[in-house]
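The C-terminal residue of the sequence shown carries number 841 in our numbering, and the numbering is unbroken. Written out below as structure tokens is the structure these notes cover.
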Amino acid sequence: MDIEKMISKEEIEERIINLSYELNEYYKNEEVVIICILKGALIFTADLVRHLKMPLSIEFLKASSYRDKTYSDGIVEVKSDIKQSLNGKNILVIDDIIDTGYTLEKVINILKQDNPKSIKLCTLFNKQERREVSISADFYGFDIPNEFIIGYGLDYDEKYRNLPYIGKVKQIKK
Ligand code: IMP
Ligand code: MG
């Protein structure tokens, strides 16, 4: 597959440190439950939490939406492994990218049922042009154009999550 480098490992690292300053400032010393959306947010979450200073715990939700590799059909399946009650807690949902918005809309609707104190969204990438529902990330790393990206947790057909940089796929057979 033809991959063009788009964002370097160093640029990602630098942006994550800046995002952590924003989050440390926002939450001060309030306790937070981090909810990492698998699988895409695995690497971003692991790198981000190491710069966070507030008391926190980490939980996982698994969301799947990309049934034909690059396009979402708007149907999102969410599986939860969360045992603790989220009632009255500050929740910070972390995902790799907000694209159409269907995934995070569904995740938020599920989490709201537990009556948390607050829910905020943090994504590494924002693909604004593709948004189909009215939802936005409260904190995000980079605005990206309407292109399919891979690496740093993001996959194409389950591959390339291990790339330390962000690449753009030049050609995808449709
Ligand atoms: P949404 O529901 O359309 O916002 O899509 C969210 C999910 O789609 C993300 O968590 C990613 O797993 C996946 N996704 C969206 N855009 C891309 C991309 O450019 N590359 C890889 N995965 C993507
Ligand atoms: Mg994915």
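Even for Gly, the Cβ is constructed at its ideal location relative to N, Cα and C.
My assumption, with CB atoms under 8 Å, is that residue i sits in contact with residue j. Please give the rounded CB distance.
i: Asn757; j: Ser724; result: That belief does not hold up - the Cβ atoms of Asn757 and Ser724 are roughly 11 Å apart, past 8 Å.
i: Cys789; j: Tyr769; result: The pair is not a contact, with the Cβ atoms about 18 Å apart (cut-off 8 Å).
i: Glu726; j: Val700; result: 6 Å
i: Ile684; j: His718; result: 6 Å
i: Ile802; j: Leu771; result: 6 Å
i: Ser866; j: Tyr832; result: Past the edges of the chain, shown from 668 to 841, lies residue 866, and the structure says nothing about it.
i: Asp766; j: Lys794; result: 5 Å
Establish whether the CB of residue i and some CB of chain D are separated by less than 7 Å.
i: Glu680; result: Given the protein chain composition of this structure (a single chain), no chain D is represented.
Could you spell out the range, first to last residue, of the alpha helix (DSSP H) harbouring residue i?
i: Lys779; result: Tyr769 to Lys779
i: Ala713; result: Leu709 to Val716
i: Asn696; result: Neither: Asn696 is in no alpha helix (DSSP H) and is coded neither H nor E.
Using C-beta distances below 6 Å, list every residue in its chain close to residue i, excluding the 5 sequence neighbours before and after it, in chain order.
i: Leu709; result: Gly820
i: Phe809; result: Phe792
Considering only residues of the same chain and omitting the five flanking positions on each side of residue i, which have a CB-CB separation below 8 Å?
i: Gly834; result: Ile670, Glu671, Lys672, Met673, Ile816, Ile817, Gly818 and Tyr827
i: Gly755; result: Asn782, Pro783 and Lys784
i: Asp822; result: Lys706, Gly707 and Arg828
Just grab the DSSP bridge partners of residue i for me.
i: Tyr823; result: Lys826
i: Ala730; result: Val745
i: Tyr807; result: Thr790
i: Ile701; result: Ile725 and Leu759
i: Lys835; result: Glu671 and Ile816
By the DSSP assignment, the beta strand (DSSP E) with residue i in it spans what residues?
i: Asn793; result: Ser785 to Asn793
i: Met673; result: Ile670 to Ile674
i: Asp763; result: Asn757 to Ile765
i: Val800; result: Segment: none, Val800 is in no beta strand (DSSP E) and carries neither H nor E.
Might you give, ordered along the chain, the residues of its own chain that have their beta carbon closer than 7 Å to the beta carbon of residue i, omitting 5 neighbours on each side?
i: Val774; result: Ile704, Leu728, Ala730, Val745 and Val760
Original post:
Counting pairs of Cβ atoms below 8 Å between the region 745-760 and the region 794-801, do you hit three or more?
Top reply: Contact fails: fewer than three Cβ-Cβ distances are below 8 Å.
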